[in-house]
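Residue numbers (this note's numbering), protein chains in the order written: chain A, 713 to 932; chain B, 57 to 323.
Even glycine gets a Cβ: it sits at the ideal position worked out from N, Cα and C.
Here the structure is a predicted model, which means the values were calculated and not measured.
Here is the structure we will look at, set down as structure tokens.
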Amino acid sequence: MALLLRIVTIDLRLLATTWRTAAYFPLTAGAVLVALWPYGGSPYIPVVAALFAGLESQYANILFRSPREFEAYAIVPVPWETIILGKNIATLIATYGLYGLMSLALWYTLPERPSGPETYGGSLWIATLAFPFLHIGNQISVRKPRRRVEWSFDDVASAFVFLAMGALLSIPYFLCATLIGEPLLALPYIGGAAAFWFKFSIPRSALRVRSTINDLSLTL
Amino acid sequence: MNIIEVEHVAKQYVPGVPILQDVTFSVPQGTVFGFLGLNGAGKTTTIRILSGVIAAESGSVRVFGREVEPGNKHHLATVGFVMDEPLYFEWMTGDEYLVFVGAMYGLGKHEATTRSSELLAFFDLNGREGDPIATYSTGMKKKVSLAAAIIHRPELVILDEPLEGIDAVAASAVKETLTMMAAQGTTVFITSHVLDTVERFCSEVAILHQGRVLLQSPIKDIHSRARKIAGEREFRSLEHLFVELVSDELRRKPLFFLSGPKRKQEP
Chain A
713 MALLLRIVTI DLRLLATTWR TAAYFPLTAG AVLVALWPYG GSPYIPVVAA
763 LFAGLESQYA NILFRSPREF EAYAIVPVPW ETIILGKNIA TLIATYGLYG
813 LMSLALWYTL PERPSGPETY GGSLWIATLA FPFLHIGNQI SVRKPRRRVE
863 WSFDDVASAF VFLAMGALLS IPYFLCATLI GEPLLALPYI GGAAAFWFKF
913 SIPRSALRVR STINDLSLTL
Chain B
57 MNIIEVEHVA KQYVPGVPIL QDVTFSVPQG TVFGFLGLNG AGKTTTIRIL
107 SGVIAAESGS VRVFGREVEP GNKHHLATVG FVMDEPLYFE WMTGDEYLVF
157 VGAMYGLGKH EATTRSSELL AFFDLNGREG DPIATYSTGM KKKVSLAAAI
207 IHRPELVILD EPLEGIDAVA ASAVKETLTM MAAQGTTVFI TSHVLDTVER
257 FCSEVAILHQ GRVLLQSPIK DIHSRARKIA GEREFRSLEH LFVELVSDEL
307 RRKPLFFLSG PKRKQEP
């Protein structure tokens with residue numbers, strides 16, 4: 713448990729110290745500007761889009777987000793399951809932490825503060841997206857890792873692909889929240905997605921790292 | 057008892073360009089084992105295979121009697137590594153990094169902190185322990201990676217060029233530490249280009265050349281064993297022996313431009 717917490721802490725600190733995180737300033741500003749537009753939907757739609765676009769590499773490039781990170785973890789006796797779980801938990805914390813900060817920016821900027829149900833609906837929506845994204849991100853990370861940490865066109869393209877997937881993954885939540893009118897009905901979906909991520913995605917991803925470590929290490 | 061047993065190992069990264077062709081050697085417990093070879097001989101590849109970070113294409117690699125499988129981390133708890141490129145999160149401070157690595161090896165926070173402080177003092181890194189590793193010199197980074205390799209008191213230490221890039225005082229401290237660890241039963245496996253150091257420091261050596269081990273021998277017997285391979289020659293030193301053994305196929309023409317009289321510089 714202590715080891716898991718340390719991996720979570722280290723991953724969050726890595727996120728906080730990397731200059732990539734600075735991308736959240738323009739993303740938050742953009743999200744707020746879009747939210748000011750009277751489009752009739754929840755003001756959290758641009759926030760959630762900006763959130764996942766900015767965190768794309770946190771989700772979908774978990775093994776190579778800092779130089780030699782993969783190699784550093786490869787030579788210590790910590791199971792890949794623990795490393796991936798720790799990194800995924802850090803991503804969940806970062807997602808909700810940044811959601812909170814971006815919500816604050818919305819509250820202080822919009823002429824009419826978002827309502828409680830809108831804010832809480834946004835949190836539920838994020839949960840319906842986060843667990844499927846963790847699974848998809850883990851799969852991308854171990855199958856097509858990007859072995860560099862700088863921004864490139866690939867990252868921008870991947871962020872757009874991530875957003876397109878987000879639109880599809882949002883369907884369950886919008887069915888519950890808009891069509892049925894009860895966002896809480898998304899809870900069983902969230903529970904199922906979380907269970908799938910924990911029971912299936914993490915062990916599968918760890919197994920994949922072990923079986924393809926030779927290819928993953930080619931840049932050593 | 058042999059701690060490392062490598063038999064008929066082959067490896068290539070690019071098809072048709074073998075790095076290791078048929079590498080066989082064994083490392084007895086408690087030795088300081090020098091693994092020597094020219095640049096590109098395959099030393100680093102061998103270390104990566106021993107760490108389980110990459111796989112051999114054929115042959116067998118056993119550490120502590122267990123086959124090393126890539127990605128299987130069970131054997132890593134008792135091994136400490138220094139790879140050719142230092143492996144750390146450079147945004148961490150030296151102290152944080154050592155405590156983090158200690159935790160990865162299962163040390164409690166108090167124990168990891170105590171050992172980290174002791175190692176930082178030993179390697180003269182006090183005063184810089186709170187600075188990010190990215191701001192350290194090459195030698196300081198090497199010291200941190202060495203400290204990280206031994207913080208969990210491993211039974212086997214595998215070090216790729218551990219003395220390269222560090223000052224004479226630190227090198228002496230490293231050698232002293234590794235010798236002391238070996239005396240207590242720890243096995244030390246190092247690669248090095250500094251052959252006179254290897255001759256004085258290692259108890260056994262193997263010479264890797266063009267993907268094959270040319271010779272493995274305890275250092276005290278190496279001259280006699282080398283004579284069996286290279287004919288009845290006298291070797292002045294390990295460096296002389298090494299050069300003679302590996303250069304049989306590498307006879308160079310002398311540089312023409314250095315052989316004539318020096319030309320006067322144009323004003």
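CB contact check: P857/A to chain B, cutoff 8 Å: Taking the first sequence and counting its residues from 1, one reaches residue 857/A at position 145. Taking 8 Å as the threshold, the shortest C-beta distance from P857/A to chain B does not fall below it.
Under 9 Å Cβ-Cβ, which residues of chain B neighbour L715/A? Your numbering for residue 715/A matches position 3 in the first sequence. A159, M160 and G162, listed in chain order.
At 8 Å on the CB atoms, spell out the chain A contacts of F137/B, in chain order. Within the second sequence, residue 137/B is the residue found at index 81, counting from 1. By Cβ distance, chain A contributes I787.
So, does the CB of I902/A fall closer than 8 Å to a CB anywhere in chain B? Reading the first sequence from its first residue, position 190 is the one you call residue 902/A. I902/A is outside the set of residues whose beta carbon lies under 8 Å from a beta carbon in chain B.
Which residues share a DSSP beta bridge with E78/B? Residue mapping note: residue 78/B aligns to position 22 of the second sequence, counting from 1. At residue 78/B the sequence reads Asp, which differs from the Glu that was named. Answer is R268/B, bridged to D78/B.
So within the segment 164 to 247 of chain B, which uninterrupted beta strand (DSSP E) runs reach at least 3 residues, ignoring any that extend past its ends? 212 to 216 and 243 to 247
In or out: I332/B buried (at least 16 other Cβ within 10 Å) or exposed? No statement about residue 332/B is possible, as the shown extent of chain B runs from 57 to 323 and does not include it.
Take W819/A as the anchor and find which of S917/A, G753/A, V759/A and D723/A has the nearest alpha-carbon. Position 107 of the first sequence, counted from the start, is the residue given in the question as residue 819/A. The option with the nearest alpha carbon to W819/A is V759/A.
Under the three-state reduction of DSSP, which class applies to L932/A: helix, strand or coil? If you number the first sequence from 1, residue 932/A lands on position 220. Model confidence at L932/A stands at a pLDDT of 43, short of 50, so the residue's coordinates are unreliable and nothing is read from them.
Counting Cβ pairs, one atom from each stretch, are 3 or more of them under 8 Å apart for the segment 212 to 232 of chain B and the segment 68 to 76 of chain B? no
Where DSSP assigns a beta bridge to K67/B, which residues make up the other side? Numbered from 1 along the second sequence, position 11 holds the residue referred to as residue 67/B. Paired residues: L76/B.
Using a Cβ-Cβ cutoff of less than 7 Å, which residues in the same chain neighbour S870/A once the five nearest sequence positions on both sides are dropped? In the first sequence, residue 870/A corresponds to position 158, counting from 1. If we look at S870/A and ignore the five residues flanking it on each side, its Cβ neighbours are E768 and A772.
How close, in whole Å, do the beta carbons of T740/A and A714/A come, if the pair is a contact with beta carbons under 8 Å? Counted from its first residue, the first sequence places residue 740/A at position 28. Counted from its first residue, the first sequence places residue 714/A at position 2. No, T740/A and A714/A are not in contact; Cβ-Cβ is about 34 Å, not under 8 Å.
Got a sec: is the Cβ-Cβ distance from K129/B to anything in chain A below 8 Å? Working through the second sequence from its first residue, we reach residue 129/B at position 73. Among the residues facing chain A, K129/B is included, as its CB has a counterpart in that chain under 8 Å away.
Is the separation between the beta-carbon of V88/B and that of V244/B shorter than 8 Å? Along the second sequence, one-based indexing puts residue 88/B at 32. Along the second sequence, one-based indexing puts residue 244/B at 188. Taking 8 Å as the Cβ cut-off, V88/B and V244/B qualify as a contacting pair.
Mind checking whether V873/A and M160/B have CB atoms under 8 Å apart? Your numbering for residue 873/A matches position 161 in the first sequence. Your numbering for residue 160/B matches position 104 in the second sequence. It is not a contact, given that the beta carbons lie outside the stated cut-off.
Could you tell me which of I189/B, T242/B and I207/B sits nearest to R328/B, measuring between CA atoms? Lying before the first or after the last residue shown, residue 328/B is absent from chain B, which here runs from 57 to 323.
Less than 8 Å between CB atoms is the rule here; does F156/B satisfy it with respect to chain E? Among the chains of the structure shown, chain E does not appear; the protein chains present are A and B.
Beta-carbon proximity of L8/B to V254/B, cut-off 8 Å: In the structure displayed, chain B extends from 57 to 323; residue 8/B sits before or after that span and is not available.
So does the segment 127 to 143 of chain B actually touch the segment 174 to 181 of chain B, counting three or more Cβ pairs closer than 8 Å? Touching, no, given that fewer than three Cβ pairs across the two stretches are closer than 8 Å.
According to the neighbour-count rule (16 or more other Cβ atoms, all chains shown, within 10 Å of its Cβ), is L887/A buried or exposed? In the first sequence, residue 887/A corresponds to position 175, counting from 1. Exposed is the call here.
State yes or no: is the C-beta of L76/B within less than 8 Å of the C-beta of V65/B? On the second sequence, residue 76/B is found 20 positions in, with the first residue counted as 1. On the second sequence, residue 65/B is found 9 positions in, with the first residue counted as 1. Yes. Within cutoff.
Could you name the residues of chain A that E141/B contacts, counting a contact when the two beta carbons are closer than 7 Å? Counted from its first residue, the second sequence places residue 141/B at position 85. Per Cβ cutoff of 7 Å: R780.
Less than 8 Å between C-beta atoms, sequence neighbours within five positions excluded: which residues of the same chain meet that for R922/A? Position 210 of the first sequence, counting from 1, holds the residue named residue 922/A. Closer than 8 Å at Cβ, skipping near neighbours: W792.
Range covered by the alpha helix (DSSP H) that runs through F865/A: The count along the first sequence starts at 1 and reaches residue 865/A at position 153. Here the alpha helix (DSSP H) through F865/A covers F865 to L881.
Taking the alpha carbon of P74/B as the point to measure from, which residue in I189/B, G98/B and R122/B has its own alpha carbon closest? As a first step, residue 74/B is located in the second sequence; it is residue number 18 there, counting from the start. It is G98/B whose Cα lies nearest to the Cα of P74/B.
Consult DSSP for R725/A and reduce its assignment to one of helix, strand or coil. If you number the first sequence from 1, residue 725/A lands on position 13. Three-state result, R725/A: helix.
Let me know if Y832/A comes out buried or exposed under the rule of 16 or more other beta-carbons within 10 Å of its beta-carbon. Counting from one through the first sequence, the residue named residue 832/A turns up at place 120. Here Y832/A is exposed, its C-beta having fewer than 16 other C-beta atoms within 10 Å.
I'd like the span of the alpha helix (DSSP H) that includes R855/A, first residue to last. To locate residue 855/A, count along the first sequence from 1; it is residue 143. Here the alpha helix (DSSP H) through R855/A covers G828 to R855.
Would you identify the three-state DSSP class for G783/A, choosing helix, strand or coil? Your numbering for residue 783/A matches position 71 in the first sequence. For clarity, residue 783/A is Glu in the given sequence; the question names Gly instead. Three-state DSSP puts E783/A in a helix.
Quick test of your reading: E211/B and T134/B, contact by CB under 8 Å. State the CB separation rounded to the nearest angstrom. Residue numbering aside, residue 211/B sits at position 155 when the second sequence is read from its first letter. Residue numbering aside, residue 134/B sits at position 78 when the second sequence is read from its first letter. That pair is a contact at about 4 Å.
Does S954/A get closer than 8 Å to chain B when you measure Cβ to Cβ? Residue 954/A cannot be examined here, being either before or after the span of chain A that is shown, 713 to 932.
Chain-ordered chain B contacts of I796/A [CB-CB under 9 Å]: Taking the first residue of the first sequence as position 1, residue 796/A is located at position 84. Chain B residues near I796/A: none, gap ~13 Å exceeds 9 Å.
How about L716/A and T803/A: are their beta carbons less than 8 Å apart? As a first step, residue 716/A is located in the first sequence; it is residue number 4 there, counting from the start. As a first step, residue 803/A is located in the first sequence; it is residue number 91 there, counting from the start. It is not a contact, given that the beta carbons lie outside the stated cut-off.
Find the residues of chain B that neighbour L726/A, judging by a C-beta separation of less than 8 Å, and give them in chain order. Counted from its first residue, the first sequence places residue 726/A at position 14. Going along chain B in sequence order, the residues near L726/A (Cβ under 8 Å) are F145 and W147.
Report yes if the C-beta distance between I278/B and L251/B is below 8 Å; otherwise report no. Along the second sequence, one-based indexing puts residue 278/B at 222. Along the second sequence, one-based indexing puts residue 251/B at 195. The answer is no: Cβ separation not under 8 Å.
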